[in-house]
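Peer 1:
Residue numbers (the numbering used here), protein chains in the order written: chain F, 1 to 229; chain A, 1001 to 1229.
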């Protein structure tokens, strides 16, 4: 961990201010986990504030004033600006701290990483989310994060489970041909897929034994120190 | 339109090859529309190939060989690499042709644009998609794009409609305070929101009269020449 190195990003062409920041976080939730792994891979430490999602702290007036969408993570800059989408938070740190590059190097490479990141999020991560949020007893009436209440849809939980099974098969085919999700280097697309696979395991959606390539990949990325972030 | 200027991206620090490319497109679908507007704003022309989604051409063996996910857009480079997520395709062109910047300038600015782009996609665009795909008579058994068939879920269509109404209200509150979705400049977040509002209108989800700020914004961005791309 580099400590406050984030305050002096010498490499960045766009970023000229020395600004402090903090990260609203919740250790047990998959979305902030994506950011924590990303920061660990960069060797960046950012002060965090825990928001107890299980206790409903995200729905309190105090937290709504920070993020009306009632979600974590939130990255708050000292100038008052806040961003809450994981990809946006990671992009900020990628630009401020280009090394090690986790979002690709040249243009085509960056586009391929973005392609895989977004595809894994859409086909894998949200499918797990559908399966989880539409069936967990503790989320009755709360099938979506955010300020609005939506009833669980059992058919959507079932569809989510079916999609996750297809997702595992697709990833296994892809990883037969290369070491990491987006090519021969570890990137943010691996972080997205790792968090997806581990999130799925929490609702008993395990990678089948037959998916040997996906299992080989998972063992490798899950063994990196960043996986414990 | 700058014609073949895309073959010589002098501004780009990462991109060194002169590579040709083509874009698989379908005029009537909202996802390729996002790319076409982006290219029009940049003044870039790329050769396109129409894929007749209504006629099922995306499910033919010929197109599956191009994109096993059976979706458009697809950007194909002459070296054989292909990318199919809209955000990845736009990122490629942003890096190859930085001006005019549609994804922000400095690091924090870029992160804020990414934040809004992703949020509008998640809360708005996919909610419209849920409403549309789970109710359109022509999409029975095809509630998701892609190679796999999923039955429509009427409750998900209904939830989608409710979410779109909330999305309009949220956007109206946000646009009360600024000219464009992510700040004082037109960006990819405006493209995402414009395509979302127009897609919603096709299934009779109209922006309420009371949402005066959202309507003012929509009128402005929908009047740009790029909106016809």
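A virtual CB, placed ideally from N, CA and C, is assigned to each residue, including glycine.
This one's a predicted model, so the numbers in the text were calculated from it and none came from an experiment.
For a cutoff of 9 angstroms on Cβ pairs, would you count residue 1057(A) as touching chain F?
Peer 2: Taking the second chain and counting its residues from 1, the one referred to as residue 1057(A) is at position 57. So, not an interface residue.
Peer 1: Distance check for residue 107(F) and residue 1084(A), CA to CA, integer angstroms please.
Peer 2: Translated into the one-based positions of the second chain, residue 1084(A) becomes position 84. Translated into the one-based positions of the first chain, residue 107(F) becomes position 107. Spanning the two alpha carbons is a distance of roughly 15 angstroms.
Peer 1: Could you check whether the Cβ of residue 1150(A) sits closer than 9 angstroms to any Cβ belonging to chain F?
Peer 2: In the second chain, counting from the first residue as 1, residue 1150(A) sits at position 150. Output row for residue 1150(A): interface = yes.
Peer 1: Could you compute how far the alpha carbon of residue 117(F) sits from the alpha carbon of residue 140(F)?
Peer 2: As a first step, residue 117(F) is located in the first chain; it is residue number 117 there, counting from the start. As a first step, residue 140(F) is located in the first chain; it is residue number 140 there, counting from the start. Taking the straight line from one Cα to the other gives about 30 angstroms.
Peer 1: Are there three or more Cβ pairs, one per stretch, closer than 8 angstroms when the stretch 1199–1217 of chain A is compared with the stretch 1113–1129 of chain A?
Peer 2: Touching, per the Cβ criterion.
Peer 1: If you follow the alpha helix (DSSP H) that residue 234(F) is in, where does it begin and where does it stop?
Peer 2: Look at the range of chain F in this structure, 1 to 229, and you will see that residue 234(F) is not part of it.
Peer 1: Would you please verify whether the beta carbon of residue 69(F) is less than 9 angstroms from any beta carbon of chain A?
Peer 2: Residue 69(F) sits at position 69 when you count from the first residue of the first chain. Judged by the 9 angstroms Cβ criterion, residue 69(F) is in contact with chain A.
Peer 1: Beta carbons nearer than 7 angstroms to chain F: which residues of the stretch 1150–1168 of chain A have them?
Peer 2: Against chain F - using a Cβ distance shorter than 7 angstroms - the residues of the stretch 1150–1168 of chain A are 1150, 1153, 1155, 1156, 1159 and 1166.
Peer 1: Just checking residue 101(F) against the ligand COA - is the residue's beta carbon closer than 8 angstroms to any of the ligand's heavy atoms?
Peer 2: Of ligands this structure carries none, so the ligand COA is not represented either.
Peer 1: Taking the CB atoms as reference points, tell me whether residue 1023(A) and residue 1061(A) lie closer together than 9 angstroms.
Peer 2: Within the second chain, numbered from 1, the residue matching residue 1023(A) stands at position 23. Within the second chain, numbered from 1, the residue matching residue 1061(A) stands at position 61. Not closer than 9 angstroms, so no.
Peer 1: Can you find a C-beta in chain F that's less than 9 angstroms from the C-beta of residue 1085(A)?
Peer 2: For the purposes of this step, residue 1085(A) is identified with residue 85 of the second chain, where counting begins at 1. Interface residue, yes.
Peer 1: In the DSSP output, which residue or residues are listed as bridge partners for residue 183(F)?
Peer 2: The count along the first chain starts at 1 and reaches residue 183(F) at position 183. Paired residue(s): 180(F).
Peer 1: Would you say residue 213(F) faces chain A, with C-beta separation under 9 angstroms as the test?
Peer 2: Locating residue 213(F) in the first chain gives position 213, counting from the first residue. It does not; no Cβ of chain A falls within 9 angstroms.
Peer 1: Looking at chain A, which residues of the stretch 92–117 of chain F have a Cβ within less than 7 angstroms of any of its Cβ atoms?
Peer 2: Listed by position, the residues of the stretch 92–117 of chain F near chain A (Cβ gap below 7 angstroms) are 92, 95, 96, 105, 106, 107, 108, 110, 111, 112, 114 and 115.
Peer 1: In chain order, which continuous runs of the alpha helix (DSSP H) of length 4 or greater are located wholly inside the stretch 1079–1104 of chain A?
Peer 2: With a minimum length of 4 residues, the continuous alpha helix (DSSP H) runs that stay inside the stretch 1079–1104 of chain A are 1086–1096.
Peer 1: So what does residue 1038(A) bridge to, in DSSP terms?
Peer 2: Within the second chain, residue 1038(A) is the residue found at index 38, counting from 1. For residue 1038(A), which the question treats as bridged, DSSP gives no partner whatsoever.
Peer 1: Drop a sphere of 10 angstroms on the beta-carbon of residue 228(F), count the other beta-carbons inside from all chains shown, and report buried for 16 or more, exposed for fewer.
Peer 2: On the first chain, residue 228(F) is found 228 positions in, with the first residue counted as 1. Looking at its Cβ environment, which holds fewer than 16 other Cβ atoms inside 10 Å, residue 228(F) is exposed.
Peer 1: So is residue 1188(A) in contact with chain F if we call contact Cβ pairs under 9 angstroms?
Peer 2: What you label residue 1188(A) is simply residue 188 of the second chain in a count that begins at 1. Output row for residue 1188(A): interface = no.
Peer 1: What in chain F is Cβ-close to residue 1088(A), meaning under 9 angstroms?
Peer 2: To locate residue 1088(A), count along the second chain from 1; it is residue 88. Correct list: 110, 111, 112, 113, 114, 115, 116, 117, 118 and 119.
Peer 1: How many Å lie between residue 164(F) and residue 193(F) at the Cα?
Peer 2: By one-based count along the first chain, residue 164(F) stands at place 164. By one-based count along the first chain, residue 193(F) stands at place 193. Each residue's alpha carbon lies about 12 angstroms from the other.
Peer 1: Measure from the alpha carbon of residue 204(F) to the alpha carbon of each residue in 162(F), 176(F) and 223(F), then state which is nearest.
Peer 2: The residue given as residue 204(F) occupies position 204 in the first chain. Ranking 162(F), 176(F) and 223(F) by Cα distance to residue 204(F) puts 162(F) first.
Peer 1: Where does residue 148(F) fall in DSSP's three states?
Peer 2: Along the first chain, one-based indexing puts residue 148(F) at 148. Here residue 148(F) sits in coil by DSSP.
Peer 1: Among 144(F), 191(F), 135(F) and 208(F), which residue has its Cα nearest to the Cα of residue 71(F)?
Peer 2: The sequence position of residue 71(F) within the first chain is 71, counting from 1. Nearest option by C-alpha distance: 144(F).
Peer 1: State the Cα-Cα distance for the pair residue 110(F) and residue 182(F), rounded to the nearest angstrom.
Peer 2: Within the first chain, residue 110(F) is the residue found at index 110, counting from 1. Within the first chain, residue 182(F) is the residue found at index 182, counting from 1. Cα to Cα, the separation comes out at about 10 angstroms.
Peer 1: Does the stretch 208–228 of chain F come close enough to the stretch 37–44 of chain F to have 3 or more Cβ pairs within less than 8 angstroms?
Peer 2: Yes, the stretch 208–228 of chain F is in contact with the stretch 37–44 of chain F.
Peer 1: Relative to the alpha-carbon of residue 89(F), which residue among 104(F), 21(F) and 79(F) has its alpha-carbon at the smallest distance?
Peer 2: As a first step, residue 89(F) is located in the first chain; it is residue number 89 there, counting from the start. Minimum Cα distance to residue 89(F) is reached at 21(F).
Peer 1: Taking only the alpha-carbon atoms, compute the straight-line gap between residue 56(F) and residue 69(F) and give it to the nearest angstrom.
Peer 2: Against the first chain, residue 56(F) aligns to sequence position 56. Against the first chain, residue 69(F) aligns to sequence position 69. Residue 56(F) and residue 69(F): Cα-Cα distance of roughly 13 angstroms.
Peer 1: Does residue 1152(A) pass the burial test, meaning 16 or more other C-beta atoms within 10 Å, or should it be called exposed?
Peer 2: To locate residue 1152(A), count along the second chain from 1; it is residue 152. It is buried - the Cβ of residue 1152(A) has at least 16 other Cβ atoms within 10 Å.
Peer 1: Terminal residues of the continuous alpha helix (DSSP H) containing residue 1199(A)?
Peer 2: The residue given as residue 1199(A) occupies position 199 in the second chain. It spans 1188–1202 - the alpha helix (DSSP H) in which residue 1199(A) sits, taken as one unbroken run.
Peer 1: Expressed to the nearest angstrom, what Euclidean distance is found between the alpha-carbon atoms of residue 1154(A) and residue 1134(A)?
Peer 2: In the second chain, the residue the question calls residue 1154(A) occupies position 154. In the second chain, the residue the question calls residue 1134(A) occupies position 134. Computed Cα separation, rounded: 6 angstroms.
Peer 1: Have a look at residue 1158(A) and residue 102(F) and give me their C-alpha separation to the nearest angstrom.
Peer 2: Looking up residue 1158(A) in the second chain gives position 158. Looking up residue 102(F) in the first chain gives position 102. Near 39 angstroms, if we compare the C-alpha coordinates of residue 102(F) and residue 1158(A).
Peer 1: Checking contacts by CB at 9 angstroms: is residue 1177(A) closer than that to chain F?
Peer 2: Working through the second chain from its first residue, we reach residue 1177(A) at position 177. Residue 1177(A) does not count as touching chain F.
Peer 1: Going by other Cβ atoms of all chains shown within 10 Å of its Cβ, with 16 needed for buried, is residue 177(F) buried or exposed?
Peer 2: Residue 177(F) sits at position 177 when you count from the first residue of the first chain. The residue in question, residue 177(F), is exposed, as its Cβ has fewer than 16 Cβ neighbours within 10 Å.
Peer 1: Within 9 angstroms (strictly less), CB to CB, does residue 1077(A) reach chain F?
Peer 2: Along the second chain, read from residue 1 onward, the residue named residue 1077(A) stands at position 77. Yes, its Cβ sits closer than 9 angstroms to a Cβ of chain F.
Peer 1: What ranges does the alpha helix (DSSP H) occupy inside the stretch 1024–1076 of chain A, keeping only unbroken runs of at least 4 residues that lie completely in it?
Peer 2: Those alpha helix (DSSP H) runs which fall completely within the stretch 1024–1076 of chain A and span 4+ residues are 1030–1042 and 1061–1066.
Peer 1: How is residue 1140(A) classed by DSSP in three states: helix, strand or coil?
Peer 2: Residue 1140(A) sits at position 140 when you count from the first residue of the second chain. Looking at residue 1140(A) - three-state DSSP - the assignment turns out to be coil, as it is neither helix nor strand.
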